[in-house]
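Notes follow the structure.
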Amino acid sequence: MARAHKGRGAVSRLDSRFETRPVEFDAEEAQRRAGQVPETVLKAMHAGTIISHNTSPDVPFNRSINPYQGCEHGCIYCYARPSHSYLDLSPGLDFETRIFYKPNAAKRLLDAWQKPSYTCEPITIGANTDPYQPAEKTTRLTRQLLELFLQHSHPVNLITKGSLITRDIDVLSELAKRKLCSVAVSIPTMNAELKRIMEPRVPSAASRLATIDRLVASGVPTSLLMAPIIPA
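Following this note's numbering, the residues of the sequence shown are numbered contiguously, the last one being 1416.
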């Protein structure tokens, strides 16, 4: 029977739904998977392109960037979990413990901007996985991208649950002065016990409210995403 792991959202590591062949893990990975407490593993994934496009009438933007694949926040309701299946990894525990970062994200963004056919429209960072999850403390990929947006006066919007975004208030406030950015912070509940179950590695609701206060005080247009509403 699957059991919960402290600090993790998923309780199982079900196979990828796209898996059509058996996967044989090396000794190190097999030992990690057999462990009692799933540890986070951070790996580089070099991106061929960095801007994703969509034509959905239900999404209020058509361009986005995700510096990470997988998210250590471990929100049990995350709609991005199935994306790990394309890597033959589980949308359960693998999604929140096998985190891939894109070290060439900034270079790929410049490559896109330098194409003669490129047209400038707002780009959303964090539409799939959080750009301020714990890995951002060391990789600083989101920071690098924001510096490029500021350098080139390009509009950008961010979606996050991470209070780490306050580290980049210097860049965000400069973008805001030029009316080039906005931030949305997600807070689905103020109940600490429910938050612990639904969002095990996300900052507390109080911390996120304080983050909104700091962003607004710095002149950054900021909104609150009150979703998902449980149990609706």
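Beta carbons are placed, not taken as given, at the ideal position from N, Cα and C, and that holds for glycine.
Item: Compare the Cα-Cα distances from residue 1223 to each of 1255, 1376, 1411, 1312 and report the closest residue.; Value: 1255
Item: Using DSSP with H/G/I as helix, E/B as strand and the rest coil, what is residue 1363?; Value: coil
Item: Residue 1381: buried (16+ other C-beta within 10 angstroms of its C-beta) or exposed?; Value: exposed
Item: List the whole-angstrom C-beta distance separating residue 1292 from residue 1234, where the pair is believed to meet the contact cut-off of C-beta under 8 Å.; Value: 4 Å
Item: Which word fits residue 1185, buried or exposed, when buried means at least 16 other C-beta atoms lie within 10 angstroms of its C-beta?; Value: Confidence at residue 1185 is low in this model, with a pLDDT of 48, below 50, so its placement is unreliable and no value can be given for it.
Item: Determine the extent of the beta strand (DSSP E) in which residue 1406 is found, giving its start and end residues.; Value: 1406 to 1409
Item: Return the CA-CA distance between residue 1363 and residue 1278, expressed in angstroms with no decimal places.; Value: 38 Å
Item: Along the beta strand (DSSP E) that carries residue 1283, what are the first and last residues, could you check?; Value: 1282 to 1285
Item: What's the C-alpha gap between residue 1273 and residue 1379?; Value: 26 Å
Item: Which of the three DSSP states, helix, strand or coil, is assigned to residue 1317?; Value: coil
Item: Just mark residue 1237 as buried or exposed, buried being the case when its beta carbon has 16 or more other beta carbons within 10 Å.; Value: exposed
Item: Check whether the region 1342 to 1350 touches the region 1390 to 1397, counting contact only when three or more Cβ pairs, one atom from each stretch, lie closer than 8 Å.; Value: yes
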